[in-house]
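In case it helps, my numbering puts the sequence shown at residues 599 to 935.
No residue lacks a Cβ here, since even glycine has one placed at the ideal position from N, Cα and C.
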Amino acid sequence: MAVLVTGGAGYIGSHTSIELLEEGYDVVIVDNLCNSDKIVLERIKELSGKTPKFYEIDITDKEKMEVVFKENEIDSIIHFAALKAVGESVSMPMEYYSNNIGSTLVLFELMKKYNVKNFVFSSSATVYGDPETLPIVEDSSLSVTNPYGRTKLIVEDMLRDICFADKSLNVAILRYFNPIGAHKSGRIGEDPNGIPNNIMPYITKVAVGQLPYLNVFGDDYDTADGTGIRDYIHVVDLANGHVKALEKLSENPGLVTYNLGTGKGYSVLQLVNAFSKASGKEIQYKITERRPGDIAACYADPTKAEKELGWKAKYGIDEMCEDSWRWQSQNPNGYKK
Ligand code: NAD
Ligand code: UD1
């Protein structure tokens, strides 16, 4: 029996595939490589000592996806594949709706036909909008402000409807806080196209001299140093959360929802300082305007995942920064030669 990992060549999917292979799962990866590189598959093999089956397919193509279900005995699906750039989603909403929602519909149609019952979904803390209370618990109110976030909330709603109608399904909605860091080996990591939108890849590109300085988006928030606070989580901890979620689904829980975060918030300036300490590199920065749509603070209450999944983040901010730096310094151009 195999786990189908969609988007398994991407940042979080590649780290999760390694953890799954190390735990003894058979892994089938489907990725159209729209935001990743084939070389990732070689690195997964190098790090795990195992070769996952790979299909270069667009998941919205139901006919091609059916071949994957025919050729493999799929037991569970972890659905990472999605478009994820907030700014781009505002200018190209159709692509985001069609890819992120369309891919999930195709998977559920095929799950029904091939009797697959277990599904893990990559959601995001973005579904909490501007939280009313901190830390954020899973039953907080949900709201979103951009098309990317809306695709996550729409899929979550869809999953709740589908599971209400079919009690034989088991679905884990995992709401990630802010994944950073990389595999300890420095062989796989985050490799965004162009100028990064998210903070850690931006900082690491400043550190290797590819960008002159970091723009700190606002220092007038209602936080201790005025800069935005987030719950950064090591991508390997996040990957392990998926292994725990699969174990949970084997107990037939129906639909379950978990925050995957550390529960600790760090400001932009605290993150910059932690990175400088870990890398020995001074990070130049300038305070600029707030970024539209940003919120002051966002961090998880991860108690539910700890109690019900037996999962807790192990790595702290120093290791996250060290591992991000090892990846970027050893691969200054990411996966590109
Ligand atoms: P990523 O872009 O690195 O990985 C996504 C992978 O999916 C890529 O390899 C891409 O080529 C593939 N893909 C996209 N559309 C596809 C399609 N139609 N068919 C086949 N492959 C397709 O992103 P990531 O950071 O690893 O994120 C994984 C998931 O986690 C996404 O659903 C994302 O929305 C969610 N998420 C990410 C973050 C984050 O900060 N990275 C935070 C919260 C949630
Ligand atoms: C962003 C997305 C969110 C998505 C998440 C993970 C927006 C508005 N939100 O969240 O939907 O789920 O990424 O992919 O884009 N910062 C700077 N300078 C930079 C970049 C960021 O100061 O160059 C600050 C931000 O203001 C924020 C913090 O760093 O306070 C983290 O930013 P980022 O990494 O983009 O993540 P989020 O804004 O939390």
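Worksheet item: Would you say Asp-892 and Gly-859 are within 8 Å of each other, going by their C-beta atoms?
Response: Position 294 of the sequence shown, counted from the first residue, corresponds to residue 892. Position 261 of the sequence shown, counted from the first residue, corresponds to residue 859. Their beta carbons are not under 8 Å apart, which means Asp-892 does not touch Gly-859 by this criterion.
Worksheet entry | In DSSP terms, what Thr-604 is bridged to | Taking the first residue of the sequence shown as 1, we reach residue 604 at position 6. Beta-bridge pairing links Thr-604 to Val-628 and His-677.
Worksheet item: Can you tell me the Cα-Cα spacing of Leu-907 and Pro-810, whole angstroms?
Response: Position 309 of the sequence shown, counted from the first residue, corresponds to residue 907. Position 212 of the sequence shown, counted from the first residue, corresponds to residue 810. Straight-line measurement puts the Cα of Pro-810 at about 42 Å from the Cα of Leu-907.
Discussion item. Would Asn-923 and Ser-874 be called neighbours here (beta carbons separated by less than 8 Å)?
Written reply: In the sequence shown, the residue the question calls residue 923 occupies position 325. In the sequence shown, the residue the question calls residue 874 occupies position 276. Checking the sequence, you will find Trp at residue 923 rather than Asn. Cβ distance not < 8 Å, so Trp-923 and Ser-874 don't count as in contact.
Worksheet item: Nearest to Lys-710 by alpha carbon, out of Val-665, Asn-744, Glu-887 and Ser-766?
Response: Here residue 710 refers to the residue found at position 112 of the sequence shown. It is Ser-766.
Item to complete: Ignore the nearest five residues each way along the sequence and tell me which others in Thr-886's own chain have a CB closer than 8 Å to its CB.
Response: Within the sequence shown, the letter at position 288 stands for residue 886. Its chain contains Asn-813, Val-814, Phe-815 and Gly-816 as the residues whose beta carbon lies nearer than 8 Å to that of Thr-886, once the 5 sequence neighbours on both sides are disregarded; these appear in chain order.
Worksheet item: So the alpha helix (DSSP H) Ile-637 belongs to, where does it begin and stop?
Response: Locating residue 637 in the sequence shown gives position 39, counting from the first residue. Taken as a continuous stretch (DSSP letters only), the alpha helix (DSSP H) holding Ile-637 covers 637-646.
Worksheet item: What residue from Pro-930, Asp-755 and Gly-787 has the CA that sits closest to Val-806's CA?
Response: Residue numbering aside, residue 806 sits at position 208 when the sequence shown is read from its first letter. Of Pro-930, Asp-755 and Gly-787, the residue nearest in Cα terms is Pro-930.
Discussion item. Helix, strand or coil, according to DSSP, for Lys-710 in the structure here?
Written reply: Start at 1 with the first residue of the sequence shown, and residue 710 comes out as number 112. For Lys-710, the three-state secondary structure derived from DSSP is helix.
Discussion item. Looking at ligand 1, does it come within less than 7 Å of Ile-657, judged from the CB to the closest heavy atom?
Written reply: Indexing the sequence shown from 1 puts residue 657 at position 59. Result yes, Cβ under 7 Å from ligand 1.
Fill in: Any 3 or more C-beta pairs closer than 8 Å across the stretch 708-726 and the stretch 630-644
No, they do not touch.
Item to complete: Would you kindly work out how many angstroms separate the C-alpha atoms of Ser-783 and Ala-898, rounded to a whole number?
Response: For this step, residue 783 is matched to residue 185 along the sequence shown. For this step, residue 898 is matched to residue 300 along the sequence shown. Taking C-alpha positions only, Ser-783 is separated from Ala-898 by approximately 28 Å.
Discussion item. So for Leu-772, helix, strand or coil by DSSP?
Written reply: Taking the sequence shown and counting its residues from 1, the one referred to as residue 772 is at position 174. Reduced to three states, the DSSP call for Leu-772 is strand.
Worksheet item: Under the criterion of a Cβ to heavy atom distance below 7 Å, does Leu-751 qualify as lining ligand 1?
Response: Locating residue 751 in the sequence shown gives position 153, where the first residue counts as 1. For Leu-751, the distance from the CB to the nearest heavy atom of ligand 1 is not below 7 Å.
Discussion item. For Asp-921, tell me which candidate among Ile-672, His-781, Tyr-623 and Glu-669 has the shortest Cα-Cα distance.
Written reply: Numbered from 1 along the sequence shown, position 323 holds the residue referred to as residue 921. Ranking Ile-672, His-781, Tyr-623 and Glu-669 by CA distance to the CA of Asp-921 puts His-781 first.
Practice prompt. Would you tell me roughly how many angstroms separate the C-alpha atoms of Lys-846 and Leu-732, rounded to the nearest one?
Written response: On the sequence shown, position 248 is the one that residue 846 refers to. On the sequence shown, position 134 is the one that residue 732 refers to. Separation of Lys-846 and Leu-732 (C-alpha to C-alpha, rounded to the nearest whole angstrom) is 26 Å.
Worksheet item: What's the C-alpha gap between Thr-855 and Ile-797?
Response: Against the sequence shown, residue 855 aligns to sequence position 257. Against the sequence shown, residue 797 aligns to sequence position 199. Straight-line Cα distance between these residues: approximately 26 Å.
Discussion item. On a Cα-Cα basis, can you pick out the residue from Lys-682, Ile-734 and Asn-698 that is closest to Pro-790?
Written reply: Here the question's residue 790 lines up with position 192 in the sequence shown. When the alpha-carbon of Pro-790 is set against those of Lys-682, Ile-734 and Asn-698, the nearest one is in Lys-682.
Discussion item. DSSP three-state label for Lys-905, please.
Written reply: By one-based count along the sequence shown, residue 905 stands at place 307. Secondary structure of Lys-905 (DSSP, three-state): helix.
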